[in-house]
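*Asks:* So the working numbering is basically just the index in the sequence shown, starting at one, shifted up by 37. Following this message is one structure expressed as structure tokens.
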Amino acid sequence: MRLFIMNRTESFKKINRSSVSDQIFDELKNRIISHEWKPGDKIPTETEIANMFGVSRLSARTAIQRLSALGLIDIRVGDGTYIKEAPLENYLDNGADLLSTIEQLDELSQFRSYLEGAILDVACEVRTDEDIHKMRELLSEMIESAEQNDLEAFHIKDFSFHEELCRITRNRYFMLVFKLFGKGLADHFRESTEKYSHLPNLSDDPTNTNYYLKVLSHEHGNYISALEQQDPSIAMPMLRTYLNQYKVERHNSDK
38 MRLFIMNRTE
48 SFKKINRSSV
58 SDQIFDELKN
68 RIISHEWKPG
78 DKIPTETEIA
88 NMFGVSRLSA
98 RTAIQRLSAL
108 GLIDIRVGDG
118 TYIKEAPLEN
128 YLDNGADLLS
138 TIEQLDELSQ
148 FRSYLEGAIL
158 DVACEVRTDE
168 DIHKMRELLS
178 EMIESAEQND
188 LEAFHIKDFS
198 FHEELCRITR
208 NRYFMLVFKL
218 FGKGLADHFR
228 ESTEKYSHLP
238 NLSDDPTNTN
248 YYLKVLSHEH
258 GNYISALEQQ
268 DPSIAMPMLR
278 TYLNQYKVER
288 HNSDK
């Protein structure tokens with residue numbers, strides 16, 4: 038265990054008066070995430086933090102309580118405050134604070150493409166017959182939603198399909214990242230599905246929503262074929278073409 042003793046040369050920055058506790062929270066959080074403060078370390082006291090930042094104890098206390106709520110620190114009454122084991126994992130489990138870093142849909146589209154490519158590579162290596170059976174069940178539910186023209190249910194099943202693909206990897210870091218950006222990815226699945234129904238060259242018969250949902254559902258079958266044959270290249274061209282077309286369509290609609 039390391040003990041941090043505050044002194045006047047400590048390299049904390051003085052804080053502006055606006056959003057004081059937010060700024061303290063960000064500074065302390067960054068020290069934890071960067072591993073400058075490591076699991077088991079005892080961090081400065083509330084009073085020491087307040088003095089070094091030049092703020093009130095209330096502002097320091099609020100920032101510390103937020104770190105505790107995220108599961109990054111352990112406040113032990115009468116003993117002090119310590120960095121928890123595996124703080125990054127705890128932070129990812131409560132990752133809403135990071136979602137704002139991927140607000141642009143173009144960036145999220147690119148992120149999703151590379152993330153799913155990596156997930157698919159690993160999933161194809163380690164998948165079991167049971168995994169493939171589960172994916173087939175989810176695909177059937179997607180097709181059923183499409184046939185019923187139930188867009189909301191389709192969105193939910195679509196997200197579950199990709200979440201299950203991630204779970205197949207049995208890699209907790211893929212799952213943590215997927216969970217971290219869950220809302221952003223869900224929103225992207227929703228918007229991209231709606232945009233996809235207006236993409237050029239999809240069909241010569243663009244008649245109604247459920248037709249496009251059926252097309253999307255059946256194209257998801259490429260993922261299952263990739264898993265069965267343990268060949269991610271079966272699905273990747275479809276994924277990247279789809280995301281690139283979606284990006285073009287979105288740019289055209291913004292003009």
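Cβ atoms here follow ideal geometry from the backbone N, Cα and C, with glycine treated the same way. If you're wondering where the values come from, they're calculated on a predicted model, not measured in any experiment.
Counting pairs of Cβ atoms below 8 Å between the segment 198-205 and the segment 151-164, do you hit three or more?
*Replies:* A contact exists between the segment 198-205 and the segment 151-164.
*Asks:* CB-CB under 8 Å to K171, same chain, minus the five flanking residues each way: which ones, in chain order?
*Replies:* One-based indexing of the sequence shown puts residue 171 at position 134. Same-chain partners within the cutoff: E201.
*Asks:* Between which two residues does the alpha helix (DSSP H) containing D168 stretch?
*Replies:* For the purposes of this step, residue 168 is taken as residue 131 along the sequence shown, with counting starting at 1. Looking at the DSSP string, the run of the alpha helix (DSSP H) that includes D168 is D166 to E184.
*Asks:* By the 10 Å Cβ neighbour count, where 16 or more other Cβ atoms means buried, how is I112 classified, buried or exposed?
*Replies:* In the sequence shown, counting from the first residue as 1, residue 112 sits at position 75. Counting Cβ neighbours within 10 Å, I112 comes out exposed, since fewer than 16 surround it.
*Asks:* In three-state terms, what does DSSP make of I120?
*Replies:* Counting from 1 along the sequence shown, the entry for residue 120 is found at position 83. The answer is strand: DSSP assigns I120 an E or B state.
*Asks:* Less than 8 Å between the CB atoms is what I'm expecting for K75 and I120, so what's the real figure, rounded?
*Replies:* Numbered from 1 along the sequence shown, position 38 holds the residue referred to as residue 75. Numbered from 1 along the sequence shown, position 83 holds the residue referred to as residue 120. Yes, K75 and I120 are in contact; Cβ-Cβ is about 6 Å, under 8 Å.
*Asks:* Once you ignore the five residues that flank I169 on each side, which residues in its own chain have a CB closer than 7 Å to its CB?
*Replies:* Counting from 1 along the sequence shown, the entry for residue 169 is found at position 132. Taken in chain order, the residues that qualify are I261, L264 and E265.
*Asks:* Provide the residue(s) that pair with D111 in DSSP beta bridges, ordered along the chain.
*Replies:* Walking along the sequence shown from the start, residue 111 turns up at place 74. Answer is Y119.
*Asks:* Considering only C-alpha positions, which residue in the set E83, N88, I101 and V159 is nearest to N208?
*Replies:* As a position in the sequence shown, residue 208 is number 171, starting the count at 1. Residue V159 is the option with its Cα nearest to N208.
*Asks:* With C-beta atoms as the reference, is P274 less than 8 Å away from L157?
*Replies:* Taking the sequence shown and counting its residues from 1, one reaches residue 274 at position 237. Taking the sequence shown and counting its residues from 1, one reaches residue 157 at position 120. In this structure, L157 does not lie closer than 8 Å to P274 by Cβ.
*Asks:* Quick check on A100: buried or exposed, where buried means 16 or more other Cβ atoms within 10 Å of its Cβ?
*Replies:* Residue numbering aside, residue 100 sits at position 63 when the sequence shown is read from its first letter. Under this definition A100 is a buried residue.
*Asks:* Considering only their Cβ atoms, is the gap separating G258 from L176 smaller than 8 Å?
*Replies:* Within the sequence shown, numbered from 1, the residue matching residue 176 stands at position 139. Within the sequence shown, numbered from 1, the residue matching residue 258 stands at position 221. Yes, the pair counts as a contact, with Cβ atoms nearer than the cut-off.
*Asks:* Given this structure, state the Cα-to-Cα distance separating E140 from M212, to the nearest angstrom.
*Replies:* As a first step, residue 140 must be located in the sequence shown, where it is residue number 103. As a first step, residue 212 must be located in the sequence shown, where it is residue number 175. With a pLDDT of 46 at E140, under the threshold of 50, the predicted position of this residue should be treated as unreliable, and no value is reported.
*Asks:* Is H255 helix, strand or coil when you go by DSSP?
*Replies:* Locating residue 255 in the sequence shown gives position 218, counting from the first residue. H255: helix per DSSP, three-state reduction.
*Asks:* Any idea if H192 is buried or exposed, counting beta-carbon neighbours within 10 angstroms, 16 or more meaning buried?
*Replies:* Counting from 1 along the sequence shown, the entry for residue 192 is found at position 155. With 16 or more Cβ atoms within 10 Å of its Cβ, H192 is classed as buried.
*Asks:* When the Cα atoms are used, what is the spatial distance from G108 to S71?
*Replies:* Residue 108 sits at position 71 when you count from the first residue of the sequence shown. Residue 71 sits at position 34 when you count from the first residue of the sequence shown. Their backbone Cα atoms lie some 16 Å apart in a straight line.
*Asks:* Apart from the five residues just before and just after V57, which ones in its own chain have a Cβ nearer than 6 Å to its Cβ?
*Replies:* For this step, residue 57 is matched to residue 20 along the sequence shown. If we look at V57 and ignore the five residues flanking it on each side, its Cβ neighbours are V92 and S96.
*Asks:* By a C-beta neighbour count over all protein chains shown, 10 Å radius and 16 as the cutoff for buried, is Q267 buried or exposed?
*Replies:* In the sequence shown, the residue the question calls residue 267 occupies position 230. It is exposed - the Cβ of Q267 has fewer than 16 other Cβ atoms within 10 Å.
*Asks:* Taking the Cβ atom as the reference point for each residue, do F62 and L104 lie within a distance shorter than 8 Å?
*Replies:* Residue mapping note: residue 62 aligns to position 25 of the sequence shown, counting from 1. Residue mapping note: residue 104 aligns to position 67 of the sequence shown, counting from 1. Cβ atoms of F62 and L104: closer than 8 Å.
*Asks:* Between E174, E189, E184 and T206, which has its C-alpha nearest R164's C-alpha?
*Replies:* On the sequence shown, position 127 is the one that residue 164 refers to. Comparing Cα-Cα distances from R164 to each of E174, E189, E184 and T206, the minimum goes to T206.
*Asks:* How many whole angstroms separate the CB atoms of R94 and T84, which I take to be in contact at a CB cut-off of 8 Å?
*Replies:* Numbered from 1 along the sequence shown, position 57 holds the residue referred to as residue 94. Numbered from 1 along the sequence shown, position 47 holds the residue referred to as residue 84. About 6 Å separates the two Cβ atoms, so the contact holds.
*Asks:* Is it right to say V214 is buried, meaning 16 or more other beta carbons lie within 10 angstroms of its own, or is it exposed?
*Replies:* Residue 214 sits at position 177 when you count from the first residue of the sequence shown. Counting Cβ neighbours within 10 Å, V214 comes out buried, since at least 16 surround it.
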